[in-house]
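For the record, the sequence lines run as chains A and B. Per the numbering used here, numbering through the first sequence is continuous, rising by one, with the last residue being 474. Per the numbering used here, numbering through the second sequence is continuous, rising by one, with the last residue being 474. We put the beta carbon where it would ideally sit given N, CA and C, even for glycine.
Number of protein chains: 2
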Amino acid sequence: MLNHLSKLVSNRYIGTTICSKRCYTTFKYNKLNDKDIEEFKSILNNEETLLIRDKDDLVSFNSDWMKKYKGNSQLLLKPRNTEQVSSILRYCNERKLALVPQGGNTGLVGGSVPYDDEIILSMSLMNKINDFDPVTGVVTCEAGVILQQLEDYLEPLGYTVPFDLGAKGSCQLGGNISTNAGGIRLLRYGSLHGNVLGLEAVLANGTVLNLNSTLRKDNTGYDLKQLFIGSEGTLGVITKVSLITPPKPTSVNVALLACDSFSSVKKLLIQAKTKLGDILSAFEFMDRGCIDLVLRHQPLQEPFSEKPKFYILLETSGFNETHDQEKLNEFLEYIMEQGLTVDGTVATDSKNQSTIWKFRETITESLGKEGAVYKYDLSLPIDQFYELVEVMRLRLGSKANVVGFGHVGDANLHLNISTPNQKYSKEMINLIEPFVYEYTSKHNGSISAEHGIGLMKKDHLHYSKTSSSIQLMKLLKNSMDPNHILNPNKVLPF
Amino acid sequence: MLNHLSKLVSNRYIGTTICSKRCYTTFKYNKLNDKDIEEFKSILNNEETLLIRDKDDLVSFNSDWMKKYKGNSQLLLKPRNTEQVSSILRYCNERKLALVPQGGNTGLVGGSVPYDDEIILSMSLMNKINDFDPVTGVVTCEAGVILQQLEDYLEPLGYTVPFDLGAKGSCQLGGNISTNAGGIRLLRYGSLHGNVLGLEAVLANGTVLNLNSTLRKDNTGYDLKQLFIGSEGTLGVITKVSLITPPKPTSVNVALLACDSFSSVKKLLIQAKTKLGDILSAFEFMDRGCIDLVLRHQPLQEPFSEKPKFYILLETSGFNETHDQEKLNEFLEYIMEQGLTVDGTVATDSKNQSTIWKFRETITESLGKEGAVYKYDLSLPIDQFYELVEVMRLRLGSKANVVGFGHVGDANLHLNISTPNQKYSKEMINLIEPFVYEYTSKHNGSISAEHGIGLMKKDHLHYSKTSSSIQLMKLLKNSMDPNHILNPNKVLPF
């Protein structure tokens, strides 16, 4: 699943990085000097390999993998433990040296790339899985553990990570939590705000906050760990994590269903949630435009004899094959009787399941072959979910091809506007923005459902958050990091 | 289920309220004068009934229902809407008048009772259910809605509230969220940090924070609503709530299982979680002492021919009766084969289910008939969960009867120490405390699993939270409520 990563390929901001820099912070930082380097060496026990200063070696850390954002850091530090992170932060805070914490650097909004010459704090060597409790299913590990590494560790134990991302081969848990990662499993297991039980985080002044509880219930004062979930490294550096992990489902079914109206899609979702209950693990939406697109670029066949407007990829995951199939069959019979679906196919073996998933998973890749693509990751109330796609089609007419897909079970729409055989144009952006943000804002939607704000959407935050909310966020930032050394120029427009 | 409320009956602090007052805040507040009253009248549109000043009428609001805590408020205000709450707070902040927000006043730690002469801000008239979306299952309502009122509203729609409390007939949603209420359903649906999608809250200075998103995914900046979940009204007053509600299960099974070792209890829990998966809705633990106690005071019969040491009340809730029963039967066969249970009984009809539940539900009531009872609500890692009960038995010998029960699936132990025919004694408290808190602290447990801190445990907070954490909590409090007008003397020891 290259979904999340490959989205960036056609991102509208490529080549226009400079426009994001217009609100450069007014905070002043010191320049790195030789004495600083000596200090960092000493903190890192004189292990020379834990400091990277060579310009060429720094290139890949100074940019995201799509080369969309570029920083100019002169130093990367690789602490081995929390004490070292703490000493580094304490020193930087006293010296007013800015830092950007970096996990797998797979983010999509420039949150983990230096804005200017910040020191890069790489978490990659803090990658130990410390403990797993098979009674509670709680796993405790360091922030630099890679998501796939944790999944591989849990699988033979019969457990699974409660979230899944396309970037799982390289993204790190600390980064996942700092960005409040979403993904397909959110429908089933809920958000990280519920699944993270504890954290250890280092504050800007070097204070180590031990919030690393493994308890499901702990009502003793403010739930401080929540501050670090989704704040993109601007309030502290996550060093350890305790996570609830659910038992890994042993039986999986996948269905592709076709509908001729979005109203049927909505009814299908209600029925899936009530009739399939807790075994429903994915309810992904694609419009006909997505299917056409995929068929143009992938070796896949038209799934049904007719070409209805909407498609649902539905997945069940459970622990009893017979029961799950029976439930799915009952559900399918019901929705056919009610005329909610006009056609459908079910796959129980993994090969056919994988074929069905390809329709969903290759949309982004196929879009990349359609010229310039303008991509938006939005949450919208269900009544406006598809309306926006239709509104954009009316607005853009023959100038562009508008398609919509996404996690409709979570109301998360991926709106994609492609202009075949054309390059990115300011005119097209101006036709789309700020209209799309204004529309989202008017309907109390979110301009970033799962990718975060980072550098990319910092100046658009007001479309999803009131000025009072932004003011309170700034108050928290100023209180917890008064020198603004942590990930400057990200999330909040100062 | 009187569990939560009746716990207070035998609380160790009855009659010793004064000891909690030793850390009285040094913040200075003004005394209420006639001009203030006129101002509040004007804010409340001159509706005289929205101000209560009569001493007798104030009695029930000046104390919790157990008369454990007593305040001396001279004024209760009943705003009808957010604007009125905002105007009241703005005025109080300017005038340095302290307030205590009050919902159903069913809390167990004195969090909603005035400490001194704070104004009581009653949320009871803000009790409208505003909206329910059957596609997403998201309900939006005012903070004064009573939990049972919401359950009754949702039931005919086929949905249910994702948490359940003994106090549901009078507790209010705003209070539930302010105290991060737990309860039995937490095992299945997770905590309010995951289930609350949005809030509207009024800050100390009167600023209305509209965080009332109904979106499951919204990664736009810091997740501010989390600050108000579990902070017991010390950071703001919750005025509106958006909540995920799950479809109401249509099939329920209840089993009572007996084990002869706690190691079997742990293995049972693992098997229940993997074999019953998502239909497991309760896994409640009782030791033999609890059963003896209940049999002494309730019209119930010895459940099994033998008298093993441990009992598990297991509940499944699902949507397919046949499937759920089959799963339960398979699970039961497996655990009997493995020798994890020495006896068991299953109830599928509601009458027998209710009888089984009585063993669990009447423990607290039965304890109340056993003289002075010293009660502790703790979270402990599973390996120490029952060890503490045994340690306390060794420690107290023949001086007391020690029993343990609780939500073992959430690692939440209710430790109860009774001294039949005796009154509360300082000697007994000194034998138990601070030992029990130190033990909990040593094992990274929580001294308040679900009841919160309030006034009662404010001075014990350090047993569960490090000084750095308490310092950060104070920083947040000082930043967000610099005059400390919101619920003074609660949660944090200033």
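Asked: Counting only beta-carbon separations shorter than 8 Å, does A:THR62 have a partner in chain B?; Found: no
Asked: Count the other CB atoms within 10 Å of the CB of B:LEU374; is the residue buried (16 or more) or exposed (fewer)?; Found: exposed
Asked: Taking the alpha carbon of B:ALA147 as the reference point, which residue from B:VAL245, B:GLN129 and B:GLU418 has its own alpha carbon closest?; Found: B:GLN129
Asked: For A:THR159, which of helix, strand or coil comes out of DSSP?; Found: coil
Asked: Within the 8 Å Cβ cut-off, does A:GLN318 reach chain B?; Found: no
Asked: So is A:ASP258 in contact with chain B if we call contact Cβ pairs under 8 Å?; Found: yes
Asked: List, from N- to C-terminal side, the beta strand (DSSP E) runs of 3 residues or more that fit wholly inside the segment 61 to 106 of chain A.; Found: 79 to 82 and 99 to 102
Asked: Just the chain B side, please: which residues come within less than 7 Å of A:ASN401 by C-beta, in chain order?; Found: Simply none; closest approach about 34 Å.
Asked: Where does B:SER297 sit, in a helix, a strand or coil, going by DSSP?; Found: strand
Asked: Please identify the residue among A:MET266, A:PHE41, A:LEU215 and A:MET106 whose C-alpha is closest to the C-alpha of A:GLY186.; Found: A:LEU215
Asked: If we call anything under 8 Å between Cβ atoms a contact, is A:LEU393 one with A:LEU360?; Found: yes
Asked: Provide the residue(s) that pair with A:THR325 in DSSP beta bridges, ordered along the chain.; Found: A:LEU236
Asked: Can you find a CB in chain A that lies within less than 8 Å of the CB of B:LYS470?; Found: no
Asked: I need the straight-line Cα distance from B:GLY90 to A:LYS338, nearest angstrom please.; Found: 56 Å
Asked: Under 8 Å Cβ-Cβ, which residues of chain A neighbour B:PHE115?; Found: The question names Phe, yet the displayed sequence has Val at residue 115 of chain B. Result: LYS246, LEU249, ILE250 and ILE362.
Asked: Just verifying my parser: in three-state terms, what is the DSSP assignment at B:ALA262?; Found: strand
Asked: Does the beta carbon of B:LEU308 come closer than 8 Å to any beta carbon on chain A?; Found: no
Asked: Under 7 Å, CB to CB, which of the residues in the segment 427 to 445 of chain A have a partner in chain B?; Found: ILE427, SER428, ALA429, GLU430, HIS431, GLY432, ILE433, LEU441, SER444 and LYS445
Asked: Does DSSP put B:TYR139 in a helix, a strand or coil?; Found: strand
Asked: At a CB-CB cut-off below 8 Å, which residues of chain A make contact with B:SER241?; Found: None at all; the shortest Cβ gap to chain A is about 14 Å.
Asked: Answer with yes or no whether the minimum CB distance from B:LEU456 to chain A is below 8 Å.; Found: yes
Asked: Between B:PHE299 and chain D, is the shortest Cβ-Cβ distance under 8 Å, so that the two count as touching?; Found: Of the chains in the structure shown, none is chain D; the protein chains are A and B.
Asked: Give me the Cα-Cα distance between A:GLU295 and A:ASP111, rounded to the nearest whole angstrom.; Found: 31 Å
Asked: Relative to the C-alpha of A:ILE109, which residue among A:PHE7, A:ASN156 and A:ILE126 is closest?; Found: A:ILE126
Asked: List the residues that DSSP assigns as beta-bridge partners of B:ASN190.; Found: B:GLU180
Asked: Going by CA-CA distance only, name the one from A:ALA235, A:LYS50 and A:LEU30 that's closest to A:SER330.; Found: A:ALA235
Asked: Between the alpha carbons of A:GLU98 and A:LYS48, how many angstroms are there, rounded?; Found: 17 Å
Asked: Does the distance from the CB of A:LEU102 to the CB of A:LYS58 come in under 8 Å?; Found: Here residue 102 of chain A turns out to be Ser, not Leu, going by the sequence shown. The answer is yes: Cβ separation under 8 Å.
Asked: Would you list, in sequence order, the uninterrupted beta strand (DSSP E) runs of no fewer than 3 residues that lie entirely inside the segment 375 to 401 of chain B?; Found: 381 to 387 and 392 to 399
Asked: Does A:ASN467 have its Cβ less than 8 Å from a Cβ in chain B?; Found: no
Asked: Can you give me, in chain order, the residues of the segment 348 to 372 of chain B that have a beta carbon less than 7 Å from any beta carbon in chain A?; Found: SER359, PRO361 and ILE362
Asked: On the DSSP bridge assignment, give the partners of B:ALA352 in chain order.; Found: B:THR399
Asked: State the DSSP-derived secondary structure class of A:GLN364, mapped to helix, strand or coil.; Found: helix
Asked: In three-state DSSP terms, what is B:ASP461?; Found: coil
Asked: Distance check for B:ILE218 and B:GLU180, CA to CA, integer angstroms please.; Found: 6 Å
Asked: Mind checking B:THR52: buried by the 16 CB within 10 Å criterion, or exposed?; Found: What sits at residue 52 of chain B in the sequence shown is Asn, not Thr. Flag for B:ASN52 reads exposed.
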